[in-house]
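In this note's numbering, the protein residues as written are 1 to 437.
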């Protein structure tokens with residue numbers, strides 16, 4: 001009996017080990033990998049296929065849906081396997097996230113190795129665009145980034161962002177660890193930690209070390225907890241170009257609000273929460289929330305600001321905000337502007353939770369039928385009644401072919417509401433439809 005029990009127990013432990021180390025079966029995505037017929041990435045198994053086929057790292061990829069990567073925490077001891085892992089084996093293709101996100105990516109490799117992140121080494125000609133990594137958990141040694149460990153000359157990251165936690169010893173950044181390429185219109189809100197308090201290598205909210213690279217129109221709003229030297233809110237070190245960027249990162253352990261070494265142009269940091277200065281111009285929180293403080297910045301095509309979004313700090317016009325709750329005072333009016341179409345809501349009382357994600361189809365039971373498919377937003381009203389009026393901003397009227405429409409779901413039907421005057425509305429779900437020219 002004793003031998004039998006030991007045998008059963010051994011099988012049980014073996015099963016646990018097998019489960020913990022199990023990666024999915026790599027599934028080849030559809031497509032041929034060309035610019036006209038990119039590989040279509042729609043699952044974690046498709047992503048794993050990329051890691052297992054380095055001969056495809058010069059191809060074109062396009063993500064087709066949001067992907068939950070939570071299971072990477074069960075992939076052996078390190079989890080995810082970075083795409084592009086050396087100068088001799090970089091990723092030189094194009095990965096287009098198409099506005100989708102990858103959530104809960106796990107990677108941990110604190111051995112004395114380099115190039116850690118979703119992508120390890122992005123080579124010349126490589127490009128990552130329109131991709132969000134949400135709630136990453138990345139730990140490495142050198143050249144550690146939430147998105148890319150190292151970017152080489154001629155590589156590009158544009159319209160990308162990371163949230164979560166990134167930890168390492170040297171060249172640690174929320175988005176990119178070590179940059180020799182070009183980073184544009186991107187941001188990070190990651191927590192940045194350092195494994196060794198005595199390490200003197202750079203760490204930063206967006207980039208650890210900008211060494212010959214260019215960073216333009218980016219920002220970081222994270223937490224810097226990196227004891228030692230060369231830790232800063234935006235980048236630890238810079239010997240090249242950083243422009244039209246800002247940091248509102250909180251510095252728990254660090255040396256500078258924006259940069260430890262090097263300079264920048266038309267860039268700013270929040271001196272209210274990080275008064276130690278460094279590498280850019282300081283603004284108070286109130287000034288950071290005022291568009292006029294950012295002289296020369298492009299608020300027509302690139303940047304936007306809204307007191308109810310992104311803590312009032314500037315954000316990029318390609319960003320979307322889901323479920324932002326707005327507590328509206330009982331007097332006066334409040335303007336909420338949805339970019340880039342500049343659809344305005346006036347709310348006079350109550351609380352409105354606005355979901356700004358553009359939808360591409362109407363609700364199944366929306367009446368009247370036959371509404372043209374174009375741009376849609378959900379509005380969830382809570383805590384009492386509100387007055388809502390929907391309208392186009394004057395400078396945007398010519399972009400649309402018809403009046404905006406707003407609907408309210410009464411529990412059975414979608415009822416169209418007037419938009420020329422404010423209407424009294426109670427709790428419930430509202431739905432906005434616009435038709436562009």
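Virtual Cβ for every residue (Gly too), placed ideally from N, Cα, C.
In the three-state DSSP reduction, residue 121 falls in the strand class (E or B).
In the structure shown, residue 111 adopts coil according to DSSP, grouped into three states. DSSP places residue 46 outside any beta strand (DSSP E); the residue lies instead in the alpha helix (DSSP H), whose first and last residues are 44-51. In the structure shown, residue 276 adopts coil according to DSSP, grouped into three states. Exposed is the label assigned to residue 299, since fewer than 16 other Cβ atoms lie within 10 Å of its Cβ. Counted as a single uninterrupted DSSP element, the beta strand (DSSP E) harbouring residue 139 occupies residues 127-139. A Cβ-Cβ separation of about 35 Å leaves residue 78 out of contact with residue 36 under the 8 Å criterion. By the C-beta density criterion, residue 137 is buried, having at least 16 other C-beta atoms within 10 angstroms. Taken through DSSP and simplified to helix, strand or coil, residue 241 comes out as strand.
For residue 54, the CB contacts under 7 Å within the same chain, skipping 5 residues up- and downstream, are 89 in chain order.
Judged by DSSP secondary structure, residue 162 falls outside any alpha helix (DSSP H) and instead within the beta strand (DSSP E) spanning 156-168. Ranking 234, 70, 178 and 34 by CA distance to the CA of residue 59 puts 34 first. Excluding residues up to 5 positions away in sequence, 133, 136, 146, 147, 174, 175, 188 and 190 lie with their Cβ nearer than 7 Å to the Cβ of residue 162 in the same chain. Separation of residue 234 and residue 222 (C-alpha to C-alpha, rounded to the nearest whole angstrom) is 9 Å. Looking from the CA of residue 245, the closest CA among 271, 281, 256 and 171 belongs to 281.
Cβ-Cβ distances below 7 Å link residue 52 to 26 in the same chain, with the five nearest sequence neighbours on each side left out; the list follows chain order. In the DSSP assignment, residue 103 falls outside any alpha helix (DSSP H) and lies within the beta strand (DSSP E) extending over 101-103.
Annotated three-state conformation of residue 87 is coil, per DSSP. When DSSP states are grouped into helix, strand and coil, residue 214 belongs to the strand group.
Measuring C-alpha to C-alpha distances from residue 98 to each of 160, 301 and 177 identifies 160 as the nearest.
Residue 76 carries a coil assignment under DSSP once its states are collapsed to helix, strand and coil. Around residue 22, the same chain offers 74 as residues with beta carbons nearer than 7 Å, after the five sequence neighbours per side are excluded. The three-state secondary structure of residue 93, taken from DSSP, is coil. In this structure, DSSP gives residue 203 an extended state, which the three-state scheme calls strand.
Counting along the chain, residue 287 sits inside the alpha helix (DSSP H) bounded by residues 285-288. DSSP places residue 39 inside the beta strand (DSSP E), whose first and last residues are 39-41.
Take residue 81, set aside five residues on each side of it, and the residues of its chain with a beta-carbon closer than 6 Å to its own are 51, in chain order.
Going by DSSP, residue 179 is part of the beta strand (DSSP E) stretching over 176-179.
In the structure shown, residue 270 falls within a strand segment according to DSSP collapsed to helix, strand and coil.
If you check the CB distance, residue 114 and residue 141 come in under 8 Å. When secondary structure is reduced to three states using DSSP, residue 310 falls in the helix class. According to the DSSP secondary-structure assignment, residue 223 is paired through a beta bridge with 191 and 250. Taking the C-beta atoms as reference points, residue 219 is found nearer than 8 Å to residue 247. DSSP places residue 261 inside the beta strand (DSSP E), whose first and last residues are 259-261. Closest by C-alpha distance to residue 131, out of 170, 63 and 184, is 63.
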